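Residue numbers (the numbering used here): 20 to 118.
Heads up, the thing below is written out as structure tokens.
Right, here's the structure in full:
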């Protein structure tokens with residue numbers, strides 16, 4: 020049987036995953052209806068893109084720190100950061116396009 024601390028950590032991680040997925044899903048649905056109703060993107064798009072990017076980048080960074088000999092997570096991390104920055108700048112550009 021696992022130690023109580025390990026079980027609590029597993030439960031905490033699982034609950035964080037569920038709440039994270041729920042938050043991203045609801046923000047995505049809100050943004051979808053906002054775009055359909057108003058025909059333009061909102062700041063929520065930037066928040067969702069940055070939040071998902073930070074989550075992916077932090078996971079890859081922690082994975083990279085755990086195993087210094089594996090260079091693949093470092094390359095993926097740099098690629099993820101570049102993609103998040105480009106998407107964020109693109110979404111900000113779309114928000115102010117035509118104003």
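Beta carbons: idealized from backbone N, C-alpha and C, even for Gly.
All values derive from a computational prediction rather than experimental measurement.
| request: Report yes or no: do the region 54-74 and the region 97-117 share at least 3 C-beta pairs separated by less than 8 Å? | output: yes
| said: Check whether the region 48-61 and the region 69-84 touch, using three or more Cβ-Cβ pairs below 8 Å as the test. | reply: no
| residue 49: which of 38, 39, 61 sits nearest, CA to CA? | Along the chain shown, one-based indexing puts residue 49 at 30. If we check each option's Cα against that of residue 49, 61 comes out closest.
| Host alpha helix (DSSP H) of residue 72 (start-end) | Taking the chain shown and counting its residues from 1, the one referred to as residue 72 is at position 53. Taken as a continuous stretch (DSSP letters only), the alpha helix (DSSP H) holding residue 72 covers 62-85.
| field | Proximal residues to residue 51 (C-beta, below 6 Å), its chain only, five neighbours per side dropped | value | Mapped onto the chain shown, residue 51 falls at position 32. The answer is none, since no qualifying residue turns up.
| residue 110 burial status per 10 Å Cβ neighbour count (16 or more: buried) | Residue mapping note: residue 110 aligns to position 91 of the chain shown, counting from 1. So residue 110 counts as buried.
| task | With DSSP collapsed to three states, give me the class of residue 115. | result | Here residue 115 refers to the residue found at position 96 when the chain shown is read from its first residue. If DSSP states are grouped into helix, strand and coil, residue 115 belongs with coil.
| message | Distance check for residue 100 and residue 24, CA to CA, integer angstroms please. | response | As a first step, residue 24 must be located in the chain shown, where it is residue number 5. As a first step, residue 100 must be located in the chain shown, where it is residue number 81. Between residue 24 and residue 100, the C-alpha separation is close to 34 Å.
| query | Would you call the CB atoms of residue 43 and residue 71 closer than 8 Å? | reply | In the chain shown, the residue the question calls residue 43 occupies position 24. In the chain shown, the residue the question calls residue 71 occupies position 52. Yes, the Cβ-Cβ distance between residue 43 and residue 71 is below 8 Å.
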